[in-house]
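Novice: To convert, count from 1 in the sequence shown and add 42; that's the working numbering. Note that CB positions come from ideal geometry on N, CA and C, so glycine has one too.
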Amino acid sequence: MSSETIEKDSKRKARAAEEAEAREDERDEEDEEDERDEDERDEDDDEEEESGSREPVDVGPSEKVVIDRPSSAKMVWTLASREIGGYVNSAITYIVIAVSLIGIGLYFFFYKGGFWQVDRASMARMFDALPVALCFLTIPLFTMRSLSDEKRVGTIELLITMPVKDSEVILGKFIGAFAMVSLQVLLLAAYPLVMFSRAPFWHLGEFDWSPFWVGMLGLFLLSMAGTAVGVMWSSFTESQILSYFATMLTLVALYALGSVTIVEFLQGWPGDAISFISLQSRFEPFARGLIDTRALIYFISLTVLCLMVAFRSLESRKWS
Numbered sequence: 043m044s045s046e047t048i049e050k051d052s053k054r055k056a057r058a059a060e061e062a063e064a065r066e067d068e069r070d071e072e073d074e075e076d077e078r079d080e081d082e083r084d085e086d087d088d089e090e091e092e093s094g095s096r097e098p099v100d101v102g103p104s105e106k107v108v109i110d111r112p113s114s115a116k117m118v119w120t121l122a123s124r125e126i127g128g129y130v131n132s133a134i135t136y137i138v139i140a141v142s143l144i145g146i147g148l149y150f151f152f153y154k155g156g157f158w159q160v161d162r163a164s165m166a167r168m169f170d171a172l173p174v175a176l177c178f179l180t181i182p183l184f185t186m187r188s189l190s191d192e193k194r195v196g197t198i199e200l201l202i203t204m205p206v207k208d209s210e211v212i213l214g215k216f217i218g219a220f221a222m223v224s225l226q227v228l229l230l231a232a233y234p235l236v237m238f239s240r241a242p243f244w245h246l247g248e249f250d251w252s253p254f255w256v257g258m259l260g261l262f263l264l265s266m267a268g269t270a271v272g273v274m275w276s277s278f279t280e281s282q283i284l285s286y287f288a289t290m291l292t293l294v295a296l297y298a299l300g301s302v303t304i305v306e307f308l309q310g311w312p313g314d315a316i317s318f319i320s321l322q323s324r325f326e327p328f329a330r331g332l333i334d335t336r337a338l339i340y341f342i343s344l345t346v347l348c349l350m351v352a353f354r355s356l357e358s359r360k361w362s
């Protein structure tokens with residue numbers, strides 16, 4: 043190989059090396075410029091964050107969240123059905139109903155000669171004892187667990203945080219308990235059906251059903267007011283025993299206020315006022331077969347008042 047060829051090759055390699063070095067220097071300069079630009083952008087972002095001058099990002103129109111919630115009537119019925127199912131699956135329900143029917147039957151048939159002594163087709167003796175039995179035993183037992191049991195096991199917190207109103211909870215509990223008390227009262231219609239409609243061994247005359255059904259209406263109204271009182275006391279405490287005794291003492295006291303002794307002792311308007319708020323005085327017209335509108339208003343007003351107090355008691359848990 044000649045010396046000219048070697049010299050040309052060495053010059054060509056030198057030029058290629060120079061060009062490669064120049065391209066590498068250009069890339070290094072571009073990288074440095076990119077880094078400087080990025081640092082400047084970061085500094086600008088930091089300044090905007092500190093000054094709060096960053097423009098809000100447009101994320102589009104906000105959508106309103108809509109909860110697919112059933113109607114209030116359906117929600118109340120769902121809660122009432124759940125409550126009734128709990129009573130039906132409880133052995134104490136059948137014990138209370140059986141003991142109450144047996145006790146009323148023994149009183150009606152055998153106490154002071156029973157209805158045999160009356161010797162006529164009448165259920166008046168039954169209406170003398172039934173209000174006391176409802177106030178002393180049936181209503182307190184069916185209402186003592188309405189809200190007390192929910193508080194005791196801790197499910198009341200889950201219940202009130204669900205998409206359900208406090209008023210719906212109170213109404214659902216009330217309707218469930220009132221349905222069971224009403225069933226107990228309705229079963230008492232078996233006595234006249236057995237004794238006077240299909241009596242095989244005795245004939246005491248034609249039974250007048252009108253006073254009987256008026257008396258049953260009075261029992262339903264008394265049970266409605268008593269159930270509201272029980273739900274009210276159940277909303278105050280976690281103990282079912284305390285709820286039972288508080289309800290029982292309240293109902294028995296309201297019933298005893300109408301006794302003749304107290305009314306005669308408090309003569310004049312005090313006695314009349316005490317007599318007016320007594321369950322016994324309000325129920326007496328229905329026991330005689332008369333529908334008293336004042337008694338009707340009294341039972342409804344007492345029911346609404348107690349349910350409102352229970353609603354406020356349940357609502358107060360959100361404030362504490």
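1. Once the 5 residues before and after V236 are set aside, which same chain residues still bring their CB inside 7 Å of it?
2. Is the separation between the beta-carbon of V351 and that of M274 shorter than 8 Å?
3. Could you give the distance in angstroms between the alpha-carbon of A140 and the alpha-carbon of L176?
4. Assuming E125 is part of the alpha helix (DSSP H), what are its boundary residues?
5. Using the C-alpha atoms, what's the distance from C348 back to F216?
6. Does the beta-carbon distance from F278 to S355 come in below 8 Å?
7. Cα-Cα, which of L143, T269, I319, F325 is closest to R187?
8. Within its chain, find whatever has a CB closer than 8 Å to the CB of L344; leave out the 5 residues flanking it on each side and keep chain order.
9. How is L189 classed by DSSP in three states: helix, strand or coil?
10. Nearest to L293 by CA position, among F353, I212, L183, is which residue?
11. For M165, name the three-state secondary structure that DSSP assigns.
12. In three-state terms, what does DSSP make of S320?
13. Roughly how many angstroms lie between the CA atoms of D250 and Y297, to the nearest whole one?
14. Going by alpha carbons, who is nearest to M168 out of F341, Y340, E326, L338?
15. Looking at R324: is its Cβ nearer than 8 Å to the Cβ of Y340?
16. Please identify the residue among E280, A295, G257 whose C-alpha is closest to the C-alpha of A337.
17. For the putative contact between S114 and E210, defined by C-beta atoms under 8 Å, what is the C-beta separation to the nearest angstrom?
18. Near V99, what residues of its chain come up, given a Cβ to Cβ distance below 8 Å and the 5 sequence neighbours on each side ignored?
19. Going by alpha carbons, who is nearest to A288 out of I181, L121, I137, G147?
20. In whole angstroms, what separates the C-alpha of S281 from that of E248?
21. Any idea what DSSP makes of R96, helix, strand or coil?
22. Got a sec? Which residues, its chain only, sit under 6 Å from V117 by beta carbon, not counting five neighbours each side?
23. Would L365 be called buried (16 or more neighbouring beta carbons within 10 Å of its own) or exposed?
24. Which value, in whole angstroms, describes the spacing of the CA atoms of S190 and I333?
25. What residue range is occupied by the uninterrupted alpha helix (DSSP H) comprising K215?
Specialist: Reading from the atomic positions:
1. The beta carbon of V236 sits closer than 7 Å to no other beta carbon from its chain once the five residues preceding and following it are set aside.
2. Their beta carbons are under 8 Å apart, which means V351 touches M274 by this criterion.
3. So the two alpha carbons sit approximately 14 Å from each other.
4. Residues 114-130.
5. Spanning the two alpha carbons is a distance of roughly 11 Å.
6. Yes, the pair counts as a contact, with Cβ atoms nearer than the cut-off.
7. Of the listed residues, the one whose Cα sits closest to R187 is T269.
8. Excluding sequence neighbours, L344 sits near A267, A270, V271.
9. For L189, the secondary structure class from DSSP, reduced to helix, strand or coil, is coil.
10. Minimum Cα distance to L293 is reached at L183.
11. Of the three classes helix, strand and coil, the one that applies to M165 here is coil, per DSSP.
12. Coil at S320, not helix or strand.
13. Across the structure, D250 and Y297 are spaced so that their CA atoms are roughly 27 Å apart.
14. Sorting F341, Y340, E326, L338 by C-alpha distance to the C-alpha of M168 places E326 at the top.
15. Yes, Cβ-Cβ distance for R324 and Y340 is below 8 Å.
16. Ranking E280, A295, G257 by Cα distance to A337 puts G257 first.
17. About 6 Å; that satisfies the 8 Å criterion.
18. Because V99 carries a pLDDT of 49, less than 50, the predicted location of this residue cannot be relied on, and no value is offered for it.
19. Comparing Cα-Cα distances from A288 to each of I181, L121, I137, G147, the minimum goes to I181.
20. S281 and E248: Cα-Cα distance of roughly 49 Å.
21. Interpretation of R96 is limited by its pLDDT of 48, a score under 50 that renders its predicted location unreliable; the figure taken from the coordinates is listed afterwards. Annotated three-state conformation of R96 is coil, per DSSP.
22. The question names Val, but residue 117 in the sequence shown is Met. Around M117, the same chain offers V206, E210 as residues with beta carbons nearer than 6 Å, after the five sequence neighbours per side are excluded.
23. Residue coverage of the chain in this structure runs from 43 to 362, which leaves residue 365 outside it and unanswerable.
24. S190 and I333 have their C-alpha atoms some 35 Å from each other.
25. Counting along the chain, the unbroken alpha helix (DSSP H) around K215 starts and ends at 208-228.
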